[in-house]
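Colleague: Residue numbers (this note's numbering): 53 to 290. Just so it is clear, CB atoms sit at the ideal spot from N, CA and C, and this is done for glycine as well. Since the structure is predicted, the reported quantities are computational estimates derived from the model, not experimental observations. Okay, here's the structure, questions in a sec.
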């Protein structure tokens with residue numbers, strides 16, 4: 053195609069618009085595992101459990117511990133405590149763990165809630181950002197035997213935080229036929245997933261540019277642009 057100085061043929065202008073539009077389409081940012089606690093082997097829960105891995109994009113992660121209302125136990129591939137509340141929420145019955153970093157956007161806390169016998173109950177996740185006053189996520193559980201029940205708690209309402217954030221997992225209304233108030237975290241050695249804090253850090257490598265998902269209107273516009281390019285390319289140049 054022949055062009056002149058200072059003149060861009062319409063098809064090239066249309067192509068540029070289409071390419072610019074298409075360049076804005078990308079996958080959403082994916083959260084990374086910031087810290088992982090994975091009870092392995094014979095585990096005595098009277099001893100704080102150190103994290104199995106900590107992302108280089110945060111400064112540190114604290115040990116996993118139990119609250120003062122719980123009684124430590126010894127389990128294989130599980131960080132387990134007894135005497136969780138069989139009734140209402142008890143602020144002393146929790147598992148505590150923390151992460152420290154700058155400009156961390158927290159997204160989820162994922163864990164395999166476990167007991168060696170099935171049981172039911174209610175779980176909550178809270179944080180030190182508001183002195184554990186607000187429930188970030190909550191739900192009910194059942195079927196926690198063997199590998200435990202995988203729970204993913206959405207904590208994105210925390211937004212971006214700097215410094216140390218401690219999380220606490222609470223369970224209450226616990227019930228079951230055997231050991232009904234015994235609960236803990238199941239590690240990968242017992243077919244669980246352990247416990248992880250997941251999010252995005254400003255210092256981490258960019259995964260993709262977050263943009264809205266294409267709707268019908270945007271998709272129709274893209275199709276129209278492509279059709280216009282094809283039409284303009286078929287027109288003879290005078």
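Identify which residue in 252, 254 and 234 has its Cα closest to the Cα of residue 121.
Modeller: It is 234 whose Cα lies nearest to the Cα of residue 121.
Colleague: Where does residue 182 sit, in a helix, a strand or coil, going by DSSP?
Modeller: Residue 182 falls in the helix class under three-state DSSP.
Colleague: Suppose you measure from the CA of residue 170 to the CA of residue 196; what does that come to, to the nearest Å?
Modeller: Each residue's alpha carbon lies about 5 Å from the other.
Colleague: Let me know the secondary structure DSSP gives residue 192 once reduced to three states.
Modeller: Residue 192: strand per DSSP, three-state reduction.
Colleague: Beta-carbon within less than 7 Å of residue 144's beta-carbon, same chain only, minus the 5 sequence neighbours each way: which residues are those?
Modeller: If we look at residue 144 and ignore the five residues flanking it on each side, its Cβ neighbours are 119, 120 and 121.
Colleague: On a CA-only basis, which of 243, 226, 154 and 155 is nearest residue 164? Give me that one, please.
Modeller: Cα-wise, what sits closest to residue 164 is 243.
Colleague: So, at 6 Å on beta carbons, what are the nonlocal neighbours of residue 225 in its own chain, with the 5 sequence-adjacent residues on each side left out?
Modeller: Correct list, in chain order: 173 and 174.
Colleague: For residue 83, which residues in the same chain have their Cβ closer than 7 Å to its Cβ, ignoring the five residues on either side in sequence?
Modeller: Within the same chain, residue 83 has close Cβ partners 159, 160, 250, 251 and 252.
Colleague: Between which two residues does the beta strand (DSSP E) carrying residue 249 extend?
Modeller: From DSSP, the beta strand (DSSP E) with residue 249 extends over 247-253.
Colleague: Is the segment 94-108 close to the segment 129-136, with three or more CB pairs under 8 Å?
Modeller: The segment 94-108 is in contact with the segment 129-136.
Colleague: The beta strand (DSSP E) that contains residue 214, what's its start and end?
Modeller: It spans 212-227 - the beta strand (DSSP E) in which residue 214 sits, taken as one unbroken run.
Colleague: Quick one: Cα of residue 55 to Cα of residue 86, how far?
Modeller: Note on residue 55: pLDDT 45, under 50, position unreliable in the model; no value is reported.
Colleague: Tell me the residue span of the beta strand (DSSP E) that contains residue 164.
Modeller: Here the beta strand (DSSP E) through residue 164 covers 146-166.
Colleague: Within a Cβ cutoff of 8 Å, which residues of the same chain sit near residue 228, ignoring the five residues on either side of it in sequence?
Modeller: Excluding residues within five positions, the ones whose Cβ falls inside 8 Å are 167, 169, 170, 171 and 172.
Colleague: For residue 126, report the span of its beta strand (DSSP E) as first-last.
Modeller: Unbroken beta strand (DSSP E) run through residue 126: 126-128.
Colleague: CB residue 146 to CB residue 238, shorter than 7 Å?
Modeller: Result no, Cβ atoms of residue 146 and residue 238 do not sit closer than 7 Å.
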